[in-house]
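One structure is given here, and the rest of the page talks about it.
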Amino acid sequence: MQNQSLNLEKSSMYNQSLNLLSKLTQIREVRSARVSSWDQDGRNQDYWMIPAGGSVVLGDMEGPGSISHIWMTSFCRRTHGPSVINPDGGGNIAPVNEIHNALGVTWETADPAWYRKVLIKMTWDDQSHPSVLVPYGDFFCIGHSMPGNFASLPFTVSVKPEEQYKFGGVASVNCYLPMPFNKRAKIEIINENDVPFGLYFHIDYELYKQPFGDDTAYFHAQWRRENPCDGWGPDLQVNTPEVNSVANLDGEGNYVILETEGKGHYIGCNLSVTHFQGSWWGEGDDMFFIDGEKLPSIVGTGAEDYFNHAWGMQKNAFPFHGSIVHESDVPGYQVSYRFHITDPVHFSESLKVTIEHGHANHLSDDWSSTAYWYQTLPSKPFGILPVEERIQLMPQFPSPGPLKKVELNDEMKESYELAKERMAAYSEGRTNQVQKKVDRVSWHSQGNIEQSKNVRDSFK
Numbered sequence: 301m302q303n304q305s306l307n308l309e310k311s312s313m314y315n316q317s318l319n320l321l322s323k324l325t326q327i328r329e330v331r332s333a334r335v336s337s338w339d340q341d342g343r344n345q346d347y348w349m350i351p352a353g354g355s356v357v358l359g360d361m362e363g364p365g366s367i368s369h370i371w372m373t374s375f376c377r378r379t380h381g382p383s384v385i386n387p388d389g390g391g392n393i394a395p396v397n398e399i400h401n402a403l404g405v406t407w408e409t410a411d412p413a414w415y416r417k418v419l420i421k422m423t424w425d426d427q428s429h430p431s432v433l434v435p436y437g438d439f440f441c442i443g444h445s446m447p448g449n450f451a452s453l454p455f456t457v458s459v460k461p462e463e464q465y466k467f468g469g470v471a472s473v474n475c476y477l478p479m480p481f482n483k484r485a486k487i488e489i490i491n492e493n494d495v496p497f498g499l500y501f502h503i504d505y506e507l508y509k510q511p512f513g514d515d516t517a518y519f520h521a522q523w524r525r526e527n528p529c530d531g532w533g534p535d536l537q538v539n540t541p542e543v544n545s546v547a548n549l550d551g552e553g554n555y556v557i558l559e560t561e562g563k564g565h566y567i568g569c570n571l572s573v574t575h576f577q578g579s580w581w582g583e584g585d586d587m588f589f590i591d592g593e594k595l596p597s598i599v600g601t602g603a604e605d606y607f608n609h610a611w612g613m614q615k616n617a618f619p620f621h622g623s624i625v626h627e628s629d630v631p632g633y634q635v636s637y638r639f640h641i642t643d644p645v646h647f648s649e650s651l652k653v654t655i656e657h658g659h660a661n662h663l664s665d666d667w668s669s670t671a672y673w674y675q676t677l678p679s680k681p682f683g684i685l686p687v688e689e690r691i692q693l694m695p696q697f698p699s700p701g702p703l704k705k706v707e708l709n710d711e712m713k714e715s716y717e718l719a720k721e722r723m724a725a726y727s728e729g730r731t732n733q734v735q736k737k738v739d740r741v742s743w744h745s746q747g748n749i750e751q752s753k754n755v756r757d758s759f760k
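The sequence shown begins at 301 in the working numbering and counts up by one.
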């Protein structure tokens, strides 16, 4: 009787109401850990400068464990002229030299496409290829390299008003999706840009004493783009009788968000569209092909409906769906998301997730997407487009046309010479400061790896 009472008391601990936060009341045998860009000298250079064309390991952790949270913020600037501030002066402070060019103190601009030029790569256990290979920005739902404020359950982006909807604008990003691993988790950043960029990051994770079972599904993410989509009637207006009379039952020519093999479940995507017709980019139905189906067994009723909106896209962001960049914010541009957190799409052999680009695929817009899903290993390898094919389309500021030839006087000529001399001296000093930071990255990376190993060894 006493044992039965104890069992009932013990089981009651695990039979609380279905409160999302109820697990906070339970003690678990878990070791919390983190790898980050903290200054391992104990000073305040808490970011890593990732060199042009370089790659770096942010963390290499031994399992079993699970990544629980990723926070990052970054900057990537191009220098057009010398600053009046000595570059040595900024060598030991945070990179706060974001002074408006109009003041004449600096002449720098953000690289407008760096979010697409940098890749985030994640590899689980002993698999020879990554399960995540996505442009940095698109992974965190920054489409078109243009950040916008939004808060969903798995991802958030926080951006200052002056940086919002700006190509290459700086932002704080978070991901809360769990990423389990049994043997090893390796997180890398690949910079395919021709200039370095600065990265602050936290990767929070947990370690466990017992391994996961064979039914564990591992996190995956893949980026795709079609520019333009292969539309059959981009000169026909959306939602007209001529377009709507065309049938599409088998999804031929649909934009493919995800195509994978194995066993798992799809949990959603973000979609970035640049629309060229000046009408409405949607009206296309989502179609899911599960386990080799020839005809889709899950079919939607329109692009806005898949993203849980209606009558076009609304300007809002909810936990599971919304618009991050709305076409009313930046004409012609849209970034939307839909997360199947409570309604994942399960598959046992394969899955193909598609959506029409315009009804029956008549539009020829620029579409790109990041798909998120979980599946067992090994998973099918996939690649990514080369960097020049990832860069988003951007409006060009009009040229003034042919310039009139102006004859320079002696003072004007001297000004040009002075500017060249200052730029040469400034460039040398700035290059030296950047190189000092680049040189630190390899041993900081190794420091993170060693720290993770020490934590693992202490928790067996």
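Cβ atoms here follow ideal geometry from the backbone N, Cα and C, with glycine treated the same way.
Tell me the DSSP bridge mates of residue i?
| i | result |
| --- | --- |
| GLU561 | SER650 |
| TYR500 | THR373 |
| PHE455 | CYS475 |
| VAL625 | VAL635 |
| TRP523 | THR670 |
| ASP586 | ILE655 |
| THR409 | ARG378 |
| THR574 | TYR633 and ASP666 |
| ASN491 | VAL418 |
| MET361 | ALA485 |
| SER336 | HIS502 |
| ARG331 | LEU507 |
| PRO480 | SER366 |
| PHE450 | VAL457 |
| SER355 | ILE490 |
| ILE598 | PHE588 |
| ALA617 | GLY622 |
| TYR465 | DSSP output for TYR465 lists no bridge partner at all. |
| VAL645 | TYR566 |
| VAL556 | THR654 |
Considering only residues of the same chain and omitting the five flanking positions on each side of residue i, which have a CB-CB separation below 7 Å?
| i | result |
| --- | --- |
| PRO702 | none |
| HIS646 | HIS565 |
| PRO382 | ARG722, MET723 and TYR726 |
| LEU595 | LEU549 and ASP550 |
| GLU309 | Low confidence applies to GLU309: its pLDDT is 43, below 50, so where it sits in the model is not reliable enough to give any reading. |
| GLY553 | ASP530 and ASN661 |
| TRP532 | ASN661 and HIS662 |
Excluding sequence positions up to five away, which residues of its chain have a Cβ less than 8 Å from the Cβ of residue i?
| i | result |
| --- | --- |
| ALA352 | ASN491, ASN493, ASP494, VAL495 and PRO496 |
| SER597 | PHE588, PHE589 and ILE590 |
| ASN754 | none |
| TRP611 | GLU604 |
| PRO478 | SER366, ILE367, SER368 and PHE519 |
| PRO387 | TYR726, GLY729, ARG730, ASN732 and GLN733 |
| MET613 | GLY582, GLU604, PHE607, SER623, HIS626, GLU627, GLN634 and SER636 |
| LEU320 | none |
| PRO395 | TYR347, PHE375 and GLY498 |
What are the boundary residues of the beta strand (DSSP E) that residue i is part of?
| i | result |
| --- | --- |
| TYR674 | 666–675 |
| THR731 | No beta strand (DSSP E) holds THR731; the alpha helix (DSSP H) holding it covers 710–757. |
| LYS421 | 418–424 |
| PRO435 | 432–435 |
| MET349 | 348–350 |
Ends of the alpha helix (DSSP H) at residue i?
| i | result |
| --- | --- |
| TYR606 | 603–606 |
| VAL538 | From DSSP, VAL538 is part of no alpha helix (DSSP H); its letter is neither H nor E. |
Whose C-beta lies closer than 6 Å to the C-beta of residue i among residues of the same chain, with five residues either side of it excluded?
| i | result |
| --- | --- |
| GLU714 | none |
| THR409 | ARG378 |
| CYS475 | ILE370 and PHE455 |
| GLN522 | ALA671 and PHE682 |
| ASP504 | ARG334, SER368 and HIS369 |
| SER648 | LYS563 and ASP591 |
| SER572 | GLY443, HIS444, VAL635 and SER668 |
Residue i and residue j look like a contact to me (Cβ under 8 Å); what is the Cβ gap, rounded to whole Å?
| i | j | result |
| --- | --- | --- |
| PHE501 | MET372 | 5 Å |
| HIS640 | ILE691 | HIS640 to ILE691, Cβ: 30 Å. No contact. |
| GLY437 | ARG416 | 6 Å |
| TRP348 | HIS662 | Actually they do not touch by this definition, with Cβ atoms about 46 Å apart. |
| SER458 | SER472 | 4 Å |
| LEU558 | VAL653 | 4 Å |
So is the beta-carbon of residue i under 7 Å away from any non-hydrogen atom of the ligand COA?
| i | result |
| --- | --- |
| PHE467 | Looking at this structure, you won't find the ligand COA or any other ligand, since it has none at all. |
Check: Is the stretch 603–610 close to the stretch 522–529, with three or more CB pairs under 8 Å?
Finding: Touching, no, given that fewer than three Cβ pairs across the two stretches are closer than 8 Å.
Notebook entry, point to check: Given 8 Å as the limit, is there contact between the stretch 324–343 and the stretch 472–483, that is, 3 or more CB pairs closer than that?
Noted result: no
Note to self: Three Cβ pairs or more, each shorter than 8 Å: is that satisfied between the stretch 509–520 and the stretch 650–661?
What the structure shows: The stretch 509–520 is not in contact with the stretch 650–661.
Margin query: Any contact between the stretch 461–473 and the stretch 335–348? By contact I mean 3 or more CB pairs, one from each, below 8 Å.
Written below: no
Margin query: Would you call the stretch 355–366 in contact with the stretch 689–706, where contact means no fewer than 3 C-beta pairs closer than 8 Å?
Written below: These segments do not touch.
Margin query: If contact is defined by three or more beta carbon pairs under 8 Å, each pair taking one atom from either stretch, is the stretch 442–457 in contact with the stretch 615–628?
Written below: Yes: the two stretches touch, three or more of their Cβ pairs being nearer than 8 Å.
Check: Is it a yes or a no for the stretch 737–749 touching the stretch 404–423, going by three-plus beta-carbon pairs under 8 Å?
Finding: no
Notebook entry, point to check: Touch check for the stretch 419–427 and the stretch 665–679: three-plus C-beta pairs under 8 Å?
Noted result: yes
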